[in-house]
Each structure stands twice: as C-alpha cells, then as structure tokens.
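Below: one structure, written as structure tokens.
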Amino acid sequence: MPQQQQQQQQQQREMPTLKVTTTTWARDSHDLFDYEARHVNTKTFYIQRPMKAFRSGTDIQLIPEGVANPTNADYLVRFVSDKNGKFQVVPAERSGSQSTNPKKLWLIVKDLQPTGHIIQENDVIKLGRFKLRVRQCVKSGDVQPELRLDDSDVPDVGGAPGDDLKQMQCRICLLEGPNEDDPLVAPCECKGSIKFVHINCLRHWIKGRLQNNGQSDNSGSTFFYKQQQCELCKTAFPPAGMANGEKLQIVQVPNTQPPFIVLENLVSPSQQQNRGLHVISMAEKKILKLGRGHESDVRIADVSISRYHATIRFVNDNFVLEDHNSKFGTLVAIRKSHVVDVDSPVSVQVGRSAISLSIEENPGDVPIEGSDAPAPGGNNNPGSGSGGGGGNGGGGQTDGNPDASMEGGDGSHPPSQANDGSSGG
Ligand SMILES: [Zn+2]
Ligand SMILES: [Zn+2]
C-alpha cells in the first residue's frame, strides 16, 4: 500500500465521523413511518464531510455537496459540518432549478436522550399524520389562554354609524334595543333585520355550543375551543370585538390555572371546521395523555394515532413531550438545523425514512462515503452513493435484507432498486 494512502487512512481514522443509519419503510402512505414494521431496508454510512441524502424506492443514496442532485429521487436531508468537525442535520433546501422534491424534517422524540422533548411555543408536533402547533406554554402568573385562531385584529362589531340601535331587534331573544351592560352587536356578515344580537345572548349561545363538544372536564380549566360560526352567513365569530371604543369579550371560557398549555390542531384547508385549540391545565394533573383512546386528555380520532400515543408532563418547570411506543411516532419539526454531538445522538424522520445519527470519535476501519482515497479494485466515484466504498474497501454496509421489504405485498411502491452496498469491495 503506498505510503501516502496509508497516511490518508490514518488521518481518516482520527477524524470525527458521522455515522448515519437509515431505515426505510417500503410502503408510501401519507409520509408515515411505521415504527413497528419489520419489512424495512436499513443502510449504514460513515461520512466526514457535508453530504445530501436522496431516496429512490427503498434505497438511500448519499451525495457530496456540490454534486448535482439525482433526478426522480426524494431529496431527504443534508448533513453539514463546521470547521471543528461538528455535524448538523439540516432540512433539504428548495431549489428552483432542480426538480427534486425536498422533504420536511422531523425530530424523533422517543430516541431523545435524556428522555423527552422540552416543548417551546410555536413548536409543531406531529403524532402519526396529525399536526399540533404549540400556541402557549404558561408556567405561572396571571395569564389566560389566547383564543385567537387567526392573527386578525379585534374587529369592530358596533354596527354601521347610521344604525338606530333602539329600533333594532336581537335575532336570538327577538327583543328590541340594547339592555344595560348588554349592547347589541353585529358580530358577522349578516345584514338587515337579522344583523344584530345582544352580546349576552350571543355569549350564552356560544357557551352552550362549546359545552356540547364533549371535551371539557369537570374542573372547567381543560377544554377544547372550536371557533363557532354564524349558522346563517357562516362567518366565524371573533373571540372578542370592539363596540363604542370598548373591547367586548364574545367567547367566555373558564378561568385556566397555570401551568397550562394551548395546542392548536393544524388541519388542511378542507377541514377548517375542525380547527380548534386544546387548552389543558396541568395544575391538578401530573401527566397529560394524547391519543385515540377515550381516556385521552387530547383525543384525536385518526387511524394513524395510537390508542395511547404520547404524553406531556410538567417537570422542573418544563413541559416535556414523550412518546408512548406509538406505531407511527411522535415527532417535532426541525426548522433550521439540529446539532449532533458526541454525547447526544439524534434520530430524525423524513417521510417513510428514519435516520439515526451519532458521532464516532475513533471510527477505525470503516468505509467513508465519498472518500478521496482510491478504492482498491473499485472505481472512486463519489456520486455513486454507497458503492463508492472508499479506501478501506466497501462491503457490509447493509444491515437489513433489501429483499425482505418486498414481502409485505402491498404493491404500493415500485420494485426495489436497493443497492446492497457491497460493490465497492
Ligand atoms: Zn337578545
Ligand atoms: Zn351571520
């Protein structure tokens, strides 16, 4: 072996190395990954410089930064490193000139060490295919839930300047004119004789609707707030409105005792009628259950949700999210990047692939992806993914049996093009 190559190999062994283990579910269903699936394709890579990951069928390919993206492959994720060799996992970037489709990147909560994810406001949590946004985390103090679902201002509900309120009728109680501390308001798009309603009549009507949605507990501090709409014009009633320069609360909710958390269910545009906020006080509750089961505090009736899917606890002044061995996982969106450190390995999910990442300080004789050292007896083409092999010879990069993924028989994916990773040897 030439001396130069030996030196290169010695350097390679001592460089911080990112170990990347990818597990891909053969079935393509709503970007889900089945954590109980046995028919998966697993591959392991070792990298020492920035790389991009692509998926085609059940096969994963790593490509160095600067090399053109492959066509007809899902662009999953980037691994970048700084001068100190510290690695970060970064969502795939959207690029106008390339046809490859970048995927959303999610942190896998059950693999976090120490256990659980500390929830921050604006986190997006994904249970199965169902998403929740953390609107408020209130640990203490005199703060109440903010019920705005839109970022709109508090609208004027006082009616038009020319309206003679004394002549106007409330469309609920049918009495004319405002009462003391009970003005007539125009809270929706309705016009003419049905335009006005007493604010107390409207409050009472909304309260009755909220109590009928069956997700309030006896203490009253935990409830599901769903925006109510006018039955005639279908406009959503605002939680509060302005009349004669005064702010009037339209939706009145129970006093909520901190610590409490407010989660918004994120729904597709066609499901807007299911939009709402889960307001959950943990003042008298040690553990909050999320799942499909009836005993759940946040109950989500969806086939991708396990009966008892995840929990939120309030410990050491933090709201901590944990997975409860769910089938389709508990995830938190990674917006910018996530650091992989020596003592903090990380797992991420991108669609139907789960990727475990750890730093190997002394990788030893492992095949380095896209290594500059010529592969003995093989071609040294960094663009060929795991087949590149590197100076230590390829082989043994695939832990799973790629053919096993075909036994599921669901027929929902094209034939496997999995590379068994042994071609570099
Ligand atoms: Zn009335
Ligand atoms: Zn209306």
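For the sequence shown, counting from 1, position 110 maps to 91 in this note's numbering; every step adds exactly one. A virtual CB, placed ideally from N, CA and C, is assigned to each residue, including glycine. No experiment lies behind these values; they were computed from the predicted model shown.
| request: Determine contact between the segment 164 to 174 and the segment 140 to 152, defined as no fewer than three beta-carbon pairs at a distance below 8 Å. | output: yes
| When you compare each of Gln(-16), Gln(-15), Gln(-10), Gln(-14) to Asp346 by their alpha carbons, which one comes out closest? | Selected option, being the one with the closest Cα: Gln(-10).
| request: To the nearest angstrom, report how far apart Gln(-16) and Ile286 are at their CA atoms. | output: 57 Å
| task | Would you mind stating whether Asp278 and Leu269 have Cβ atoms separated by less than 8 Å? | result | yes
| query | Is it the case that the CB of His179 approaches a heavy atom of ligand 3 more closely than 7 Å? | reply | Ligands present in the displayed structure are limited to ligand 1 and ligand 2, and ligand 3 is not among them.
| Would the beta-carbon of Ile99 fall within 8 Å of that of Ile293? | no
| request: Can you check the segment -9 to 38 for any beta strand (DSSP E) of at least 3 residues that lies completely inside it and give the ranges in chain order? | output: Segments of the beta strand (DSSP E) lying fully in the segment -9 to 38: -2 to 6, 21 to 28, 32 to 37.
| field | Proximity test, Ile153 beta-carbon vs ligand 1 heavy atom, cut-off 7 Å | value | yes
| said: Following a CB-centred definition, is Leu156 positioned closer than 7 Å to any heavy atom of ligand 1? | reply: At a threshold of 7 Å, Leu156 counts as near ligand 1, since its beta carbon sits closer than that to one of the ligand's heavy atoms.
| task | Report yes or no: do three or more beta-carbon pairs, one from the segment 5 to 15 and one from the segment 321 to 341, lie closer than 8 Å? | result | Cβ pair count under 8 Å is three or more, so yes.
| said: Suppose contacts are defined by Cβ-Cβ distances below 8 Å. Is Phe241 in contact with Met223 by that definition? | reply: no
| said: Using only CA atoms, which one of Ser10, His20, Glu(-5), Ile41 lies nearest to Thr3? | reply: Ile41
| task | Identify every residue that forms a DSSP beta bridge with Pro83. | result | Tyr56
| field | Endpoints, the beta strand (DSSP E) within which Gln42 is located | value | 40 to 45
| Which residues have their C-beta within less than 5 Å of a heavy atom of ligand 2, listed in chain order? | Listed by position along the chain, the residues with Cβ atoms less than 5 Å from a non-hydrogen atom of ligand 2 are Cys169, Cys171, Cys211, Leu213, Cys214.
| task | List the endpoints of the continuous beta strand (DSSP E) containing Leu156. | result | Annotation for Leu156: no beta strand (DSSP E) segment contains it, and DSSP assigns it neither H nor E.
| request: Please confirm whether Leu128 and Val248 have their CB atoms less than 8 Å apart. | output: no
| message | For Val58, which residues in the same chain have their Cβ closer than 8 Å to its Cβ, ignoring the five residues on either side in sequence? | response | Lys33, Ala34, Val70, Val71, Pro72, Ala73, Lys84, Leu86, Val329, Val331, Ile336
| request: My understanding is that Ile414 touches Leu213, with C-beta atoms under 8 Å, so please give their C-beta distance in whole angstroms. | output: There is simply no residue 414 to check, as the chain begins at -18 and stops at 406 in what is shown.
| Alpha carbon to alpha carbon, how far is Arg116 from Glu245? | 6 Å
| Short Cβ contact (8 Å threshold) for Tyr206 with Val178 | no
| said: With distance defined between alpha-carbon atoms, name the residue in Asp298, Pro31, Leu108, Tyr27 nearest to Arg288. | reply: Leu108
| task | Could you have a look at Arg190 and say whether DSSP puts it in helix, strand or coil? | result | helix
| Would the beta-carbon of Cys118 be found less than 7 Å away from any heavy atom of ligand 1? | no
| Asp304 by DSSP, collapsed to three states: which one? | DSSP places Asp304 in the strand class (E or B) of the three-state scheme.
| Along the chain, where does the beta strand (DSSP E) that runs through Trp349 open and close? | It is worth fixing the name first, because residue 349 is Ile in this sequence and not Trp. Ile349 -> no beta strand (DSSP E), and no H or E assigned at all.
| query | Alpha carbon to alpha carbon, how far is Phe68 from His259? | reply | Roughly 37 Å between the two C-alpha positions.
| field | 8 Å Cβ cutoff met for Phe218 and Gln209 | value | yes
| Apart from the five residues on each side of it in sequence, which residues of its chain come closer than 8 Å, Cβ to Cβ, to Gly31? | Residue identity check: residue 31 is Pro in the sequence provided, not Gly. Closer than 8 Å at Cβ, skipping near neighbours: Pro45, Glu46, Arg59, Phe60, Val61, Ser62.
| said: Do His319 and Leu113 have their beta-carbon atoms positioned less than 8 Å apart in this structure? | reply: no
| field | First through last residue of the beta strand (DSSP E) which encompasses Ile106 | value | 105 to 108
| request: Report the residue from Thr311, Thr(-2), Gln238 whose alpha carbon sits nearest the alpha carbon of Pro126. | output: Gln238
| message | Which of the three DSSP states is assigned to Asp251 in this structure? | response | Per the sequence shown, residue 251 should be read as Ser rather than Asp. Note: Ser251 maps to helix in three-state DSSP.
| field | Cα-Cα separation between Asn255 and Ile281, rounded to whole angstroms | value | 11 Å
| task | Using the DSSP secondary-structure output, state which residues sit across from Ser262 in a beta bridge. | result | Phe241
| query | Going by Cα to Cα distance, which pick from Val323, Leu156, Val301, Ala49 is closest to Val313? | reply | Val301
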